[in-house]
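Student: As numbered in the numbering used here, residues 8 to 106 make up the sequence shown, in order. We put the beta carbon where it would ideally sit given N, CA and C, even for glycine. Fair warning: this is a prediction, and the values are worked out from it, not measured in the lab. Here it is, the structure in full.
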Amino acid sequence: MKRYFGLCLAAALVSAGCFDNKREITVEIAPEIYKIKSIKSKLATPVVDEAVKSNPTKVIISACATTPPRKIIQFEREFSARSKAELILVVLQGDCTIE
């Protein structure tokens, strides 16, 4: 009975670890602002700080088509210097406002 309990406990811990690996966050980048959660900034650094604190495995960068590439590159460079998380860029067409 003890052995069965130990195996069940080990399986539960392993599966919990597997589900924990799917930490994904979204960063929004518009021509004038960076945003993550409730943090908005004209500079990338405060948003990078918050993204790194979240310890994600994947970061989705949601950028307006009108966002200058240098703003996206700035975020990417700062973030990649501090994290190994996967970065995915999604470019939004049409009306792109960050609230």
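Do I68 and I105 count as a contact pair if the criterion is CB distance below 8 Å?
Tutor: The answer is no: Cβ separation not under 8 Å.
Student: Alpha carbon to alpha carbon, how far is K29 from A88?
Tutor: When rounded, the distance between both Cα atoms is 21 Å.
Student: Quick one: using the 10 Å Cβ neighbour count with 16 as the cut-off for buried, is T74 buried or exposed?
Tutor: Counting Cβ neighbours within 10 Å, T74 comes out buried, since at least 16 surround it.
Student: Please classify I80: does DSSP put it in a helix, a strand, or coil?
Tutor: Residue state, collapsed to three classes: helix.
Student: Measuring CA to CA, which of R77, Q100, V55, K78 is closest to K91?
Tutor: When only C-alpha atoms are compared, the closest one is V55.
Student: Note down the Cα distance separating K60 from K47, rounded to an integer number of angstroms.
Tutor: Taking the straight line joining both Cα atoms gives about 16 Å.
Student: Sorted by chain position, which residues of the same chain lie with C-beta nearer than 8 Å to I79's C-beta, five sequence neighbours on each side aside?
Tutor: I36, I68, A70, L96.
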